[in-house]
Amino acid sequence: MMHLNNGPYILFLVILSLSVVADAVFNTNTCDLEKFCLSMPLNCQAQNICRQIFSYAPGIDGWVTIEAYDKSSDPMTNVLAVAFSDDEIMGDEPVTHCSFGEKPQIHFSYNSGKDNVQLFHENTEFEKNNLILLNATRDNGYLYCKFRQRIHPVGVNDFNFDLSKNATIFLMHTVAKDPKFIEIHSLDPTSEDFPVMFNETVNISDANAKLVTKPRRTIRMSKATKRKLILLHGFNSAKFQLHRILNVFSVLLMLLATAFIFIAVDLRWTGPTLKKSFFENLTARPSMHSLVG
């Protein structure tokens, strides 16, 4: 009986599966080329350590393509929402949210104060005319949603779903029983499941705006936020680790050089001893003279 070597075939399947997963998640290679990207933590794209990413690509047809990418610690998380706020406080703004499950869905809702209200659960024509879901993927704790939304919605629009104005972007995720409704999110600011606010103010409709650059991402960031990001994520960078290793090595070299001052050619200790007084240790030893010099 002939035995076939299945190794190459299995390797091909593994590579193919990884390629499918890669195509389903956020592609940062097109940031600042085909789309505008906001990300957290700061400068995370180069190191591939982003926890949250938001992108938008306005088109000439009056629609904008939006991508949202977020990490959740709860495997039951099934809702990822984007809020378009006119200030830096969550509340009283339109929301677009993706729900994950056997049949992914996308819906409009509105943050009325601290409560989220589903507006079109009975009449879905407004959503059908202004919202198109392109991709909704949940994998290994990460949530990814890609959709198209009209910049100037058509139909009854009493809740300010117009995206042609400046907005601050919030990302949040939660667990919901009904895919059309958003339930309360984490209220612990120290939790990784707490909503995230990007520091940039954007105009999603402006296709001629300058591409978001790294210096611009820091303009609206407070010093406290910078320190927090450095404390949370800076220790993981290769540059920081190399800098720390070199610092430790230099300290050890200084200590070793100081010790060699008190060692004679025949390896005898010529430094201060407890048998001598402070004055004798200070004046009688040539090594002390060398140390002071």
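Just so we're aligned: the sequence shown equals residues -24 to -1, 1 to 269 in mature numbering (1 follows the signal peptide of the UniProt record, and there is no 0).
All C-beta atoms, glycine included, are put in the ideal place defined by N, C-alpha and C.
Just so you know, these numbers come straight off a predicted model, no measurement behind them.
Pull up the distance between the alpha-carbon of L(-14) and that of N116, whole angstroms please.
Taking the first residue of the sequence shown as position 1, residue -14 is located at position 11. Taking the first residue of the sequence shown as position 1, residue 116 is located at position 140. Here the model assigns L(-14) a pLDDT of 43, short of 50, so the residue's position is not dependable, and the following value carries that caveat. If you take the alpha carbons of L(-14) and N116, they lie about 21 Å apart.
Can you tell me where the alpha helix (DSSP H) with K104 in it begins and where it stops?
Position 128 of the sequence shown, counted from the first residue, corresponds to residue 104. Unbroken alpha helix (DSSP H) run through K104: 101 to 106.
Can you list, in chain order, the residues of its chain whose CB lies under 6 Å from that of R124, leaving out five sequence neighbours each side?
Taking the sequence shown and counting its residues from 1, one reaches residue 124 at position 148. Around R124: W39, T41, I108.
Would F102 pass as an interface residue toward chain C - the criterion being a Cβ-Cβ separation below 8 Å?
The chain labelled as chain C is not found in the depicted structure, where only one protein chain is given.
Can you tell me which of the three DSSP states N223 falls into?
Taking the sequence shown and counting its residues from 1, one reaches residue 223 at position 247. The answer is helix: DSSP assigns N223 an H, G or I state.
In terms of alpha-carbon separation, which member of V55, P70, M173 lies closest to A152?
For the purposes of this step, residue 152 is identified with residue 176 of the sequence shown, where counting begins at 1. Nearest of V55, P70, M173 to A152, Cα basis: V55.
Helix, strand or coil for L232? Go by DSSP, reduced to three states.
Stepping through the sequence shown from its first residue, residue 232 is reached at position 256. Correct three-state label for L232: helix.
Rounded to a whole number of angstroms, what is the C-alpha to C-alpha distance between P80 and L218?
Along the sequence shown, one-based indexing puts residue 80 at 104. Along the sequence shown, one-based indexing puts residue 218 at 242. Approximately 44 Å between the Cα atoms of the pair.
Would you say D154 and H161 are within 8 Å of each other, going by their C-beta atoms?
To locate residue 154, count along the sequence shown from 1; it is residue 178. To locate residue 161, count along the sequence shown from 1; it is residue 185. It is not a contact, given that the beta carbons lie outside the stated cut-off.
Thinking C-alpha only, which one of S167, T150, T144 is nearest I180?
The sequence position of residue 180 within the sequence shown is 204, counting from 1. Checked all of S167, T150, T144; the closest Cα to I180 is T144.
What three-state label does DSSP hand N5 in the structure shown?
The sequence position of residue 5 within the sequence shown is 29, counting from 1. Helix at N5.
In chain order, what residues of the same chain have a beta carbon less than 6 Å from the beta carbon of Q28, not counting five sequence neighbours either side?
The residue given as residue 28 occupies position 52 in the sequence shown. Here the set comprises M16, D46, L147, V172.
Given a cut-off of 8 Å, decide if F137 and P34 are closer than it, judged by their beta-carbon atoms.
Position 58 of the sequence shown holds residue 34. Position 161 of the sequence shown holds residue 137. Not closer than 8 Å, so no.
Assign L218 to one of three DSSP states: helix, strand, or coil.
For the purposes of this step, residue 218 is taken as residue 242 along the sequence shown, with counting starting at 1. DSSP places L218 in helix when its eight states are reduced to three.
When you compare the CB positions of M66 and N92, do they come within less than 8 Å of one another, or not?
The residue given as residue 66 occupies position 90 in the sequence shown. The residue given as residue 92 occupies position 116 in the sequence shown. Cβ distance not < 8 Å, so M66 and N92 don't count as in contact.
Could you spell out the range, first to last residue, of the beta strand (DSSP E) harbouring S181?
Here residue 181 corresponds to residue number 205 of the sequence shown, with the count starting at 1. No beta strand (DSSP E) holds S181; DSSP gives it neither H nor E.
Which of helix, strand or coil does DSSP assign to H149?
Position 173 of the sequence shown, counted from the start, is the residue given in the question as residue 149. Strand.
Should A57 be labelled buried (16 or more other beta-carbon atoms within 10 Å of its own) or exposed?
Position 81 of the sequence shown holds residue 57. Classification for A57: buried.
So if DSSP puts M52 in a beta bridge, which residue, or which two residues, is it bridged to?
For this step, residue 52 is matched to residue 76 along the sequence shown. According to DSSP, which records beta bridges pairwise, M52 is partnered with nothing at all.
Between the C-alpha atoms of T6 and A233, what's the straight-line distance to the nearest angstrom?
Counting from one through the sequence shown, the residue named residue 6 turns up at place 30. Counting from one through the sequence shown, the residue named residue 233 turns up at place 257. If you take the alpha carbons of T6 and A233, they lie about 52 Å apart.
So, are the CB atoms of L119 and F76 less than 8 Å apart?
For this step, residue 119 is matched to residue 143 along the sequence shown. For this step, residue 76 is matched to residue 100 along the sequence shown. Yes, Cβ-Cβ distance for L119 and F76 is below 8 Å.
With a CB to CB cut of under 7 Å and the five nearest residues on each side skipped, what residues in its chain are close to S140?
Within the sequence shown, numbered from 1, the residue matching residue 140 stands at position 164. Within the same chain, S140 has close Cβ partners I127, H128, S181.
Taking a contact to mean a Cβ-Cβ separation below 8 Å, would you say N31 touches F12 in this structure?
Translated into positions along the sequence shown, residue 31 becomes position 55. Translated into positions along the sequence shown, residue 12 becomes position 36. Asn is not the amino acid found at residue 31; the sequence shown has Ser there. In contact: S31 and F12 (Cβ atoms closer than 8 Å).
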